[in-house]
Every structure is written in C-alpha cells, then in structure tokens.
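Enquirer: Numbering (the working numbering), first residue to last: 93 to 341.
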C-alpha cells in the first residue's frame with residue numbers, strides 16, 4: 093500500500109501554473125506517478141504539461157495487464173508510450189500557432205510493489221529519502237554539460253546564472269531522447285518527485301528535515317510548499333511525496 097500527497101502551487105511570482113502532477117492506480121496495485129513542468133509559447137507550458145500527463149494517464153489506465161507483467165515489459169511500455177506522447181505534443185504545437193515551441197519536463201515513475209521503473213526528461217527530480225537524501229536523476233541542463241566537460245564544478249553549477257537552461261524536453265522535437273532507470277524501493281521510507289520550483293529553493297537538508305519530521309504526510313507537503321515560497325517562490329512548485337510502505341491510504 094502507498095500513502096502519498098500531491099501538491100502544486102503557482103508560487104509568489106508567476107501568474108500561471110505550468111506544472112501538472114498526477115498519481116494513477118490500476119486495480120492490481122500498479123501505480124504511475126507523473127510530474128511535468130511546462131515551458132514555452134504564450135503560456136503554452138501549461139498545455140504541454142497537461143496534455144502530457146493526460147495522455148500518459150489515459151494510456152496507463154486503458155492498457156492490458158499483460159503490458160506490465162515483468163520489469164522489462166514495464167520499462168518497454170513506459171519508453172514506447174513516452175515516444176508516442178512526445179510526438180502527440182510536438183504535432184499539437186505544430187498545428188496550433190499559439191503553442192509553438194512549447195515543451196515540458198517529465199518524470200514518470202511506474203511502481204509495482206518495491207520495483208520502480210523511471211523515465212526522466214529535463215530538470216525535474218527524483219529523491220529517495222531515508223537517513224540520507226539520494227538524488228536519483230541528473231538534470232539534462234546546460235550547467236551539467238559544463239560540469240561534464242570540466243569547465244565548472246558541481247558546486248558552481250548549483251549557483252550558475254544559467255542553471256535553469258535545460259537541454260532536453262518533451263514535445264519540442266519529433267523524437268525524444270529519454271533516460272530510463274530501474275531501482276528498488278525496498279527499505280526506502282520516502283520517495284519525492286518534484287519540479288525545480290522545489291529543488292531550486294530548498295536544500296537537501298531542508299527537504300530531509302521536513303520529510304523525516306513527525307508531522308503527517310499532508311502537513312509535510314504543506315511545509316515544503318510554505319518554505320519554498322518563503323525562499324522566494326519565483327517558480328511554480330509541484331511534487332508528489334510518497335511513503336512506499338505506508339499502512340494508510
């Protein structure tokens with residue numbers, strides 16, 4: 093069983109929330125968590141993120157059980173569906189001038205018991221939180237290219253003025269390079285999937301302090317939003333905070 097809380101806040105500076113978040117459950121317990129952070133066009137980022145989440149949600153709920161029988165099958169299903177949704181969002185942008193150039197980041201986590209298959213595009217993030225905080229994704233960003241080339245350090249990347257320049261997004265090109273992961277949630281108290289509106293505002297220590305507190309899951313969610321806004325709230329703030337082994341739903 094899973095406990096989870098979903099939060100999505102416009103923040104203090106933006107007029108439109110271009111994030112979209114959802115958690116879907118199938119009768120057999122299979123779960124799909126989606127976090128998308130849209131950008132581009134005349135506020136069309138909200139269209140890109142919403143269409144992406146809606147299309148993946150529909151495909152997940154309509155799929156046959158056979159598509160998810162093994163971890164490899166789940167990975168293949170997720171990878172192929174994201175290719176299809178990328179093409180769908182891209183063609184929508186081509187056919188609607190007001191949506192030209194729109195795209196979105198995406199984290200899609202397909203969870204079966206303790207097994208998690210993950211697709212990652214952009215700079216939204218996944219953290220596993222127990223006694224430490226482990227970042228399970230690597231931002232597809234300009235500054236990480238600089239780090240990889242040895243031009244700046246990881247520490248310099250955290251405060252770089254072009255930190256938010258992403259090199260990969262869903263819907264901006266007819267084909268998409270996506271990063272796939274698989275890992276176990278065994279023994280992990282918390283899974284956090286978030287947009288950069290949260291990860292840019294809170295340190296890993298601040299995230300850990302709130303998530304590992306004695307507050308309820310709902311209170312933890314509100315506390316994360318509140319602190320991100322107190323730190324400026326320049327961007328939309330969205331996340332799914334999950335307790336994989338929770339006894340309550």
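Idealized CB from N, CA, C, for every residue including glycine.
Name, in chain order, the residues that DSSP records as bridge partners for residue 333.
Expert: Your numbering for residue 333 matches position 241 in the chain shown. DSSP, once it has assigned bridges, lists 97 and 284 as partnering residue 333.
Enquirer: Find the nearest neighbour of residue 236 within the set 253, 267, 169 and 283, judged by alpha-carbon distance.
Expert: The sequence position of residue 236 within the chain shown is 144, counting from 1. Of the candidates 253, 267, 169 and 283, the one whose C-alpha sits nearest the C-alpha of residue 236 is 253.
Enquirer: In whole angstroms, give me the CA-to-CA distance for residue 339 and residue 97.
Expert: Numbered from 1 along the chain shown, position 247 holds the residue referred to as residue 339. Numbered from 1 along the chain shown, position 5 holds the residue referred to as residue 97. Confidence at residue 339 is low in this model, with a pLDDT of 42, below 50, so the placement of that residue is unreliable and no value is reported for it.
Enquirer: Nearest CA to the CA of residue 175: which residue from 257, 271, 100 and 247?
Expert: The count along the chain shown starts at 1 and reaches residue 175 at position 83. Ranking the options by Cα distance to residue 175, first place goes to 271.
Enquirer: So who's on the other strand from residue 117, going by DSSP bridges?
Expert: Position 25 of the chain shown, counted from the start, is the residue given in the question as residue 117. Paired residue(s): 123.
Enquirer: Where residue 156 and residue 201 are concerned, what is the direct C-alpha to C-alpha distance, given to the nearest angstrom?
Expert: By 1-based counting over the chain shown, the position of residue 156 is 64. By 1-based counting over the chain shown, the position of residue 201 is 109. Roughly 18 Å between the two C-alpha positions.
Enquirer: The beta strand (DSSP E) spanning residue 237 covers which residue range?
Expert: Stepping through the chain shown from its first residue, residue 237 is reached at position 145. Careful: residue 237 lies outside any beta strand (DSSP E), inside the alpha helix (DSSP H) at 234 to 240.
Enquirer: Kindly list the residues whose CB is nearer than 6 Å to the CB of residue 160, restricted to its own chain and excluding five residues on each side of it in sequence; keep chain order.
Expert: Within the chain shown, the letter at position 68 stands for residue 160. So the qualifying residues of the chain are 122 and 166.
Enquirer: On the CB-based measure, 16 or more other CB atoms within 10 Å of its CB, does residue 99 come out buried or exposed?
Expert: By one-based count along the chain shown, residue 99 stands at place 7. So residue 99 counts as buried.
Enquirer: With a cut-off of 8 Å, do at least 3 Cβ pairs link the stretch 106 to 119 to the stretch 254 to 273?
Expert: These segments do not touch.
Enquirer: Cα separation between residue 120 and residue 206?
Expert: Taking the first residue of the chain shown as position 1, residue 120 is located at position 28. Taking the first residue of the chain shown as position 1, residue 206 is located at position 114. Going from the Cα of residue 120 to the Cα of residue 206 covers about 14 Å.
Enquirer: Starting from residue 48 and walking both ways along the beta strand (DSSP E), at which residues does that stretch end?
Expert: Since the displayed the chain opens at 93 and closes at 341, residue 48 lies outside it and no answer follows.
Enquirer: Quick one: Cα of residue 244 to Cα of residue 250, how far?
Expert: On the chain shown, position 152 is the one that residue 244 refers to. On the chain shown, position 158 is the one that residue 250 refers to. Taking the straight line from one Cα to the other gives about 10 Å.
Enquirer: Closest by CA to residue 277, which one among 328, 336, 312 and 284?
Expert: Position 185 of the chain shown holds residue 277. Answer by Cα proximity: 336.
Enquirer: Could you tell me which residues DSSP pairs with residue 200 in its beta bridges?
Expert: The sequence position of residue 200 within the chain shown is 108, counting from 1. Per DSSP, 126 and 211.
Enquirer: Does the Cβ-Cβ distance between residue 329 and residue 129 come in under 8 Å?
Expert: The sequence position of residue 329 within the chain shown is 237, counting from 1. The sequence position of residue 129 within the chain shown is 37, counting from 1. Contact flag unset, no.
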